[in-house]
Amino acid sequence: GIQVEQSPPDLILQEGANSTLRCNFSDSVNNLQWFHQNPWGQLINLFYIPSGTKQNGRLSATTVATERYSLLYISSSQTTDSGVYFCAVTGGTSYGKLTFGQGTILTVHP
Amino acid sequence: DTGVSQNPRHKITKRGQNVTFRCDPISEHNRLYWYRQTLGQGPEFLTYFQNEAQLEKSRLLSDRFSAERPKGSFSTLEIQRTEQGDSAMYLCASSLIGEQFFGPGTRLTVL
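These protein sequence lines are chains A and B, in that order. Going by this note's numbering, the first residue of the first sequence is number 177, and it counts up by one from there. Going by this note's numbering, the first residue of the second sequence is number 2, and it counts up by one from there.
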């Protein structure tokens with residue numbers, strides 16, 4: 177099946193710093209989503225971005241499907257941005273299931 | 002649109018007992034998915050339905066696990082003869098076309 181790798185596994189920032197999270201995938205994708213998992217376990221949708229670039233406030237994402245990677249940019253980070261960020265894809269032979277990466281744990285210090 | 006809901010939110014059970022979880026998807030969504038997440042890992046796919054048809058099942062879904070979506074609306078996930086290794090967060094998601102939306106999850110602890 178399709179493989180998803182996220183980097184870095186951990187990221188520690190000071191409030192106000194910018195960061196880039198990367199997601200590499202091993203096959204063509206039909207769907208790519210970025211999530212933020214809060215401390216209670218809820219997965220919050222950030223972007224649905226199988227290709228192209230999107231922006232939402234301080235967050236933006238770019239997926240280059242032909243080169244099999246996606247990037248999530250966080251600008252002017254805040255302590256509330258802390259948590260786990262997941263990239264997940266649907267691709268290969270499956271059109272239904274999402275395959276998740278291992279996540280990036282982001283900690284933003286005041 | 003009230004989002005995906007799951008019940009119960011927490012379940013503690015003794016090894017060997019059966020448990021059942023419920024998921025109510027976003028009302029117009031025809032696809033419903035179940036995932037499992039253990040500590041420090043990303044969610045892993047278990048199964049999904051399009052309307053009432055179960056279209057795909059993971060090899061993770063042993064014969065102790067069964068899922069149903071009898072009328073194409075809510076779904077139930079039953080685990081028979083629970084084992085300590087079943088302790089995890091069970092997540093449900095729904096979608097109309099591509100983007101999946103997740104519920105708050107049911108945290109299962111098997112003693």
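Using N, Cα and C, we set each Cβ at its ideal position, and we do this for glycine too. These figures come from a predicted structure and were not determined experimentally.
Proximal residues to residue i (C-beta, below 7 Å), its chain only, five neighbours per side dropped
i	result
I178/A	F201, S202, D203, V265, G267, G268, T275
V111/B	T14, R16, T83, E84, Q85, D87, S88
V284/A	L189, E191, S253, Q254, T255, D257, S258
T1/B	Residue 1/B lies beyond the stretch modelled for chain B, which goes from 2 to 112, so this question has no answer here.
E57/B	T48, Y49
G106/B	Q7, M90, Y91, L92
V205/A	P226, A241, V265, T266, G267
Neighbourhood of residue i by C-beta distance below 6 Å, restricted to the same chain and skipping five residues each side
i	result
Y249/A	T196, S236
L219/A	F211, Q213
Nearest to residue i (by Cα), restricted to the options the options
i	options	result
Q224/A	Q213/A, N214/A, T239/A, Q218/A	Here the sequence assigns Tyr to residue 224/A, which means Gln is not the residue at that position. It is T239/A.
S76/B	K58/B, Y34/B, Q42/B	Y34/B
F211/A	N19/B, P44/B, H30/B, E29/B	P44/B
S28/B	A94/B, P105/B, S63/B, G106/B	A94/B
L109/B	L62/B, R37/B, F103/B, R60/B	R37/B
F103/B	E243/A, A193/A, Q209/A	Q209/A
C199/A	S251/A, K273/A, N221/A, G277/A	G277/A
T21/B	D64/B, E100/B, Q101/B, Q81/B	Q81/B
Which residues DSSP lists as bridging residue i, in chain order
i	result
G123/A	Chain A is shown only over 177 to 286; residue 123/A falls outside these bounds and no answer can be derived.
I98/B	Partner(s): none; I98/B has no beta bridge.
Evaluate contact between the segment 50-57 of chain B and the segment 65-82 of chain B, counting only Cβ atoms and requiring at least three cross-stretch pairs below 8 Å. A contact between stretches requires three or more CB pairs, one per stretch, nearer than 8 Å, and the segment 50-57 of chain B meets this requirement with the segment 65-82 of chain B.
Touching by the beta-carbon criterion (3+ pairs, under 8 Å), the segment 217-236 of chain A and the segment 179-186 of chain A: Contact between the segment 217-236 of chain A and the segment 179-186 of chain A is absent, because fewer than three Cβ pairs lie under 8 Å.
Contained beta strand (DSSP E) runs [length at least 3] in the segment 245-275 of chain A, N- to C-terminal order: If one requires a minimum length of 3 residues, the beta strand (DSSP E) runs lying completely within the segment 245-275 of chain A are 245-250, 259-267, in chain order.
Any beta strand (DSSP E) of 3 or more consecutive residues that is wholly inside the segment 43-90 of chain B: Segments of the beta strand (DSSP E) lying fully in the segment 43-90 of chain B: 45-51, 54-58, 66-69, 76-80.
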